[in-house]
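Number of protein chains: 4
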Amino acid sequence: MNAAQQPASRARGRPRSQASEDAILDATLELLSDCGYRDATVEAIALRAGASKSTIYRRWPTKENLVIAAFARSPLLHAPARGDVCAQLSATIEQFARYMQETPLGAVLPVLVAERGRNPALDQALQPLVRQRREPLGEILTAAIARGELPAGIDIELAQDLLMGPVLQRIMVMGKRVDRPFIDAVVSNVCGGLRAAAGS
Amino acid sequence: MNAAQQPASRARGRPRSQASEDAILDATLELLSDCGYRDATVEAIALRAGASKSTIYRRWPTKENLVIAAFARSPLLHAPARGDVCAQLSATIEQFARYMQETPLGAVLPVLVAERGRNPALDQALQPLVRQRREPLGEILTAAIARGELPAGIDIELAQDLLMGPVLQRIMVMGKRVDRPFIDAVVSNVCGGLRAAAGS
Amino acid sequence: MNAAQQPASRARGRPRSQASEDAILDATLELLSDCGYRDATVEAIALRAGASKSTIYRRWPTKENLVIAAFARSPLLHAPARGDVCAQLSATIEQFARYMQETPLGAVLPVLVAERGRNPALDQALQPLVRQRREPLGEILTAAIARGELPAGIDIELAQDLLMGPVLQRIMVMGKRVDRPFIDAVVSNVCGGLRAAAGS
Amino acid sequence: MNAAQQPASRARGRPRSQASEDAILDATLELLSDCGYRDATVEAIALRAGASKSTIYRRWPTKENLVIAAFARSPLLHAPARGDVCAQLSATIEQFARYMQETPLGAVLPVLVAERGRNPALDQALQPLVRQRREPLGEILTAAIARGELPAGIDIELAQDLLMGPVLQRIMVMGKRVDRPFIDAVVSNVCGGLRAAAGS
DNA sequence: CAGTAATCGAGACGGTACGTCCCGTCTTTAT
DNA sequence: ATAAAGACGGGACGTACCGTCTCGATTACTG
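Protein sequence lines, in the order shown, are assigned to chains L, G, X and S. Just add 147 to wherever you are in the first sequence, counting from 1, and you've got this note's numbering. Just add 147 to wherever you are in the second sequence, counting from 1, and you've got this note's numbering. Just add 147 to wherever you are in the third sequence, counting from 1, and you've got this note's numbering. Just add 147 to wherever you are in the fourth sequence, counting from 1, and you've got this note's numbering.
Here it is in structure tokens:
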């Protein structure tokens, strides 16, 4: 079961260079940030990483996959341990909003999303990437329910959609900036709605 | 009305063919739907429309603009005249969700969004397209406030984000289908939140 | 029959640029001469010709075919009108030898020859190229027979092999230079042999 | 004789495997024959030989040198001891023609020749290979002169060119087959020419 | 018999040319 | 002036191969 994973006798041949991989992914993020998706040429990425195109294509079959891998290394959201549920949610969402607006993720996520419909493998790769960013919200909500701050019986999945949706849509689809007051308003409304639904 | 458009002396030379324009926009939508954005080549569109590339580029400066023009012909959402605010909102959003999931818009919108960051002209063109789809929600909300179904002082813009965001995000980012129960849950929660906020 | 060839109504669309074609073929010969076959990159040829790779590949499917086309423009051999048969043959062969040794043809012909075995289309293209260079020898021999300088009944094809073979082999296979005395010796031997065969 | 090769103390470390070397050279000839020079990848040769690329490149610096080494193992031509000079020459040349037409040598020689111009080391390696195949002709001619079958004062080198040239050219450049009657005609003509030159 | 040094298979690596594809423009003739 | 046809310059993509390198595993000689 886990034996398959352990390198029984170390793979033969020259091992892949972790340094190269890191340099390539870093270069990808940098160029994405500097030039955008279209102008971040695979050749330019190779050049900046001090690697060769072969090394890139040996690891990732297409440019899209490379970009996904680069973003997969982006930091997870960190839910604060203290504060009431609204403050925790706001702080967490703000991290996400900042990441979307101040790194190339904001520019690239739509492209990945667009490509996913045509590329099932990419869909598989993108799924956990997105899901992990949402997970902290679920944990906060679960804890709040346990503390009695929110009523039991809440659909966590739905709540995540209600919280993330407006932010993502405003950034991606509307092309507007998201600031703390907006996030607070969203969180406040969603929490209010959740409590009202339980009370009815 | 149309007199304003028509100059003193008609433009000289052969007039542009409206038939060509329609054929091109139809072919664009069809190919987008069949092959996705990337594989919907301008050349292929011209072929299917029985037009030539020059005819296309004479009207729209880039492929992106062509695609936007094609979508600009999509029907507006139609807010039902009767029912309480929740029912009206649900029905309207359902139209939108169906349109996103059963036409190529769902696949193409992210690409347009992605390209917009790099292309201000496209941004200008995309803005009203998106805004018009949201507008009916604003009208429903305004009327509900006037009827006293919702408290006054509601931020209409925010409410639109709260309603559309979860749906768009679920379809585009999560890659899941949106059905009527989900829409009802969103609408119910948002309305509950709006009322709770007023009550507090 | 010949109607198929005549441009009844001129091919539609923008015609191919003869200037581009000439520039490309010239650049090919120049680069071949400067850098050899391997280093005469298609990209470099396009650059020097002020053309694009697309334009090159639209006309010739591979680099080999491009190179053949370039050589197909090389000048034909010119048989001198006066002199006895040996002098005429020597002069003609010397033209060929000079062309082989002072232009890139000498470096490229072997590659074409090598590729031919694997590429029937290339074979078809190379055949007349080679044959035309030999033809003047046949004419000289035929005229000499008519004048009585050589006996009738000579196998012209064989005689061409006997004359060209030693020169080509010395240049291509042995990698040595061919000078006038060598050519004279070959011609003298072949003519002597042809006369001796008739006399026996 | 072989003592000169063997140093005072044998080289240290694991000795090179003769079996590998043989397998590599055999695989080279086979693949050359099956696929031609270009498609006979070093990697494919290694695979078929059950060797690794390092083992190949440790012995031969480039692919060209490997190919030459493979051909260097081809059998020398064997001059028959009996018969008149024409019969001996014909028999010897026929061996060569058969070897050129029924082994990959015919396909590869032009490539080696082409590459030689750009690679002096390869030139050094190719020279003896070619020369050895011609040598038997020289011996036959020398013996014939000694026997009085051919006049003294013949330029042996030239005679070799006259004999081999037409055959090589017909096979390589013209892409035609060479049969015994053709060889006989060449030999007969050359011998006739040599005798005629002496008589004049 | 343990140590050392060169070889072996495997396969990753940098580099570079190839040939394909598409975009947006330009140049024809025909309407 | 616009239309269809299609060539053009430009430039990214992904593939393939070369010759080098880095691994762990052999295989002989050597102290």
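The beta-carbon is built from N, C-alpha and C at its ideal position, and this holds for glycine as well.
Which residues bound the alpha helix (DSSP H) around residue i?
i              : result
N212 (chain L) : K210 to A219
D308 (chain G) : I303 to L315
R185 (chain G) : Q165 to D186
By the 10 Å Cβ neighbour count, where 16 or more other Cβ atoms means buried, how is residue i classified, buried or exposed?
i              : result
A217 (chain L) : buried
L341 (chain X) : buried
P154 (chain G) : Note that P154 (chain G) has pLDDT 43, beneath the 50 cutoff, so the model's placement of it is unreliable and the number below is only indicative. Classification for P154 (chain G): exposed.
P328 (chain G) : exposed
L297 (chain L) : buried
A166 (chain X) : exposed
S201 (chain S) : exposed
T289 (chain G) : exposed
D350 (chain S) : What is shown of chain S runs 148 to 347, which leaves residue 350 (chain S) out entirely.
P208 (chain L) : exposed
P222 (chain L) : exposed
E211 (chain X) : buried
T188 (chain G) : exposed
E262 (chain L) : buried
E241 (chain X) : buried
S199 (chain X) : exposed
G339 (chain G) : buried
G280 (chain S) : A quick correction: the sequence has Arg, not Gly, at residue 280 (chain S). With 16 or more Cβ atoms within 10 Å of its Cβ, R280 (chain S) is classed as buried.
Q274 (chain G) : exposed
A349 (chain G) : Since the first residue shown for chain G is 148 and the last is 347, residue 349 (chain G) is missing from the structure and cannot be characterised.
I343 (chain G) : Note that residue 343 (chain G) corresponds to Ala in the displayed sequence, not to Ile. Classification of A343 (chain G): buried, given that the 10 Å Cβ count is 16 or more.
P257 (chain X) : buried
P267 (chain X) : exposed
Q162 (chain G) : Looking at the sequence shown, residue 162 (chain G) is not Gln but Pro. Per the 10 Å Cβ criterion, exposed.
S164 (chain S) : exposed
Let me know the secondary structure DSSP gives residue i once reduced to three states.
i              : result
P328 (chain X) : helix
G340 (chain X) : helix
M319 (chain G) : helix
R159 (chain X) : coil
L284 (chain S) : helix
E296 (chain X) : coil
A345 (chain X) : helix
Cβ of residue i within 8 Å of any heavy atom in the ligand PLP?
i              : result
E286 (chain L) : As for the ligand PLP, it is missing from this structure, which has no ligand bound.
Query raised in the report: Residue ranges of each beta strand (DSSP E) run of no fewer than 3 residues wholly in the region 193 to 276 of chain G, ordered along the chain?
Result: none
Query raised in the report: Using 8 Å as the threshold, is the region 295 to 310 of chain G in touch with the region 279 to 295 of chain L, meaning 3 or more CB pairs across them?
Result: no
Requested in this report: Decide yes or no for the touch test of the region 318 to 326 of chain L against the region 235 to 253 of chain L: beta carbon pairs closer than 8 Å, at least 3 of them.
Outcome: yes
Query raised in the report: Contact between the region 178 to 197 of chain L and the region 248 to 263 of chain L: three or more CB pairs below 8 Å?
Result: yes
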